[in-house]
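Remarks on the structure that follows.
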Amino acid sequence: MRVDDFDFDLPRDLIATHPIEPRDAARLLLIGETIADRHIAELPSLLRAGDVLVANDTRVIPVKLIGRRGQATIEITLHRDLGGGVWRAFAKGAKRLKPNDTVEFGDGFTATVAEKAPEGDVVLRFEQEGADLRVQLERFGQMPLPPYIHRDKSGEARDRHDYQTMFAAHDGAVAAPTAGLHFTPALRAALNEAGIGLETVTLHVGAGTFLPVKVDHTQDHRMHAEYGVITAETAARLNEARARGGRIVSIGTTSLRVLESATGEDGQIMPFAAETSIFITPGYRFRAIDVLLTNFHLPRSTLFMLVSAFAGLEKMKAAYAHAIAQRYRFFSYGDACLLFPKDAA
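Take 8 as the starting number for the sequence shown in our numbering and just add one per residue.
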């Protein structure tokens, strides 16, 4: 398919720059046989007893760093841990860097440029690694907000909380699984009261989720890889819930991607601990997911392609046109939609 098929016009003022408070007060567009305006807090009444929500429990690391090489300011966003204190990074001002340069981020916190990579990437080697490096990132780093949310160089302290889900447990993401941002303890309690279960999986979201699709045809796009984990116990409970007639409700596209990567042709979810570069476009047959809760995505993005594969391209275009007309808030800090598959509509 042509990437142009997934384009639409979005007014800039609908891009949310902060989440609504409380988080479960966000609006929710129900996309099934019809389109209906709801709120996240109504989720327990929109699902059924026996359904199981699946959240991504990755935790976002503050990997955006402001450094200096001599008098030059360098803005770094780490996006791939290569191990041993070595990270691949996007760099603003990368032209000023050359191999063996030292970039200073704070007192006792420096990195050496190991190599220059294509498209503005650099490979940095830190003196610290593992837990010691995480301590320095927590001290000097900022949350790696997506490029459509503008902050000054010092950032905003509240993003440390706002850009982290209540499920966050395992360090590793450089972008938030944003559908999970809508959940609160009160909503979780209401879902539990309604007999709706909750399980967690892990997909360490990479910054590649924000990269534009630069090709003309979807088949020519190379998807970024991300590391995911589904334990044997979680897989067994999800399979049991489905066997009892419950639906698997993915909280976000990241949970969906790791679940679909771990599911066989027979619909059985298997334990998983590997990288996945699954790229879902219209024509894909979903095996693990019955319902999808997700935010509103960018035009021409791999995520809009995914939701179009799930609910149907024309239906998603109509739903997004409705959301724009009703002034829903878009992207990471915005509102959400609850999608049912096109063959169930």
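We treat Cβ as the ideally placed atom computed from N, Cα and C, and that holds for glycine. These numbers were taken from a predicted model, which means no experiment stands behind them.
- Task: Return yes when the Cβ of T225 is within less than 7 Å of the Cβ of M8, no when it is not.
- Result: Yes, they are a contact pair.
- Beta-carbon separation (whole angstroms), I38 vs A318, contact threshold 8 Å: 6 Å
- By a C-beta neighbour count over all protein chains shown, 10 Å radius and 16 as the cutoff for buried, is A330 buried or exposed? If you draw a 10 Å sphere on the C-beta of A330, you find 16 or more other C-beta atoms in it, and that means buried.
- Task: Whole angstroms is fine: what's the gap from R34's alpha carbon to H46's?
- Result: 4 Å
- Task: Might you give, ordered along the chain, the residues of its own chain that have their beta carbon closer than 7 Å to the beta carbon of F337, omitting 5 neighbours on each side?
- Result: Within the same chain, L17, L21, I22, A23 and F303 come within 7 Å of F337 by CB-CB distance, once the 5 residues on both sides are set aside.
- Task: Tell me whether K310 sits in a helix, a strand or coil according to DSSP, three-state version.
- Result: It should be pointed out that residue 310 corresponds to Leu in this sequence rather than to Lys. Of the three classes helix, strand and coil, the one that applies to L310 here is helix, per DSSP.
- Query: What is the rounded straight-line gap between the Cα of L104 and the Cα of V70?
  - Reply: Across the structure, L104 and V70 are spaced so that their CA atoms are roughly 19 Å apart.
- Query: Going by C-alpha distance, which of E272, D169, A243 and D108 is nearest G74?
  - Reply: D108
- Residue environment, R334, which counts as buried when at least 16 other CB atoms sit within 10 Å: exposed
- Which residues mark the beginning and the end of the alpha helix (DSSP H) in which A250 is found? Counting along the chain, the unbroken alpha helix (DSSP H) around A250 starts and ends at A239 to A250.
- Three or more beta-carbon pairs under 8 Å between the region 232-244 and the region 263-281, yes or no? yes
- Pick from E282, P306 and Q149 that is closest to D11, judged by C-alpha positions: P306
- Item | Same chain, Cβ closer than 6 Å to F112, five either side skipped, listed in chain order | Excluding residues within five positions, the ones whose Cβ falls inside 6 Å are L72, G74 and F147.
- Message: Less than 6 Å separating the Cβ of P348 from some heavy atom of the ligand SAM?
- Response: Judged by which ligands are present, the structure shown has none, so any question about the ligand SAM falls away.
- Below 7 Å between beta carbons: does that hold for T207 and D64? yes
- Message: Please classify A352 as buried or exposed, where buried requires at least 16 other C-beta atoms within 10 Å of its C-beta.
- Response: At A352 the pLDDT is 44, less than 50, meaning the model places this residue with poor confidence and gives no usable figure here.
- Task: Compute the beta-carbon to beta-carbon distance between G259 and G187, rounded to the nearest angstrom, for a pair I have assumed lies under 8 Å.
- Result: Taking C-beta atoms under 8 Å as the contact rule, G259 and G187 qualify, at a distance of about 6 Å.
- Message: Tell me the residue span of the beta strand (DSSP E) that contains F116.
- Response: F116 to K123
- Give me the Cβ distance between I203 and D58, rounded to the nearest whole Å; I'm assuming they're in contact under 8 Å. 5 Å
- Message: The alpha helix (DSSP H) that contains E267, what's its start and end?
- Response: Here the alpha helix (DSSP H) through E267 covers T260 to S268.
- Item | Selected residue, minimal CA-CA separation from G90, among A201, A175 and A138 | Checked all of A201, A175 and A138; the closest Cα to G90 is A138.
- Figure out for me which residue from A250, T185 and P153 has the closest Cα to the Cα of L210. The shortest CA-to-CA distance from L210 to any of A250, T185 and P153 is the one to T185.
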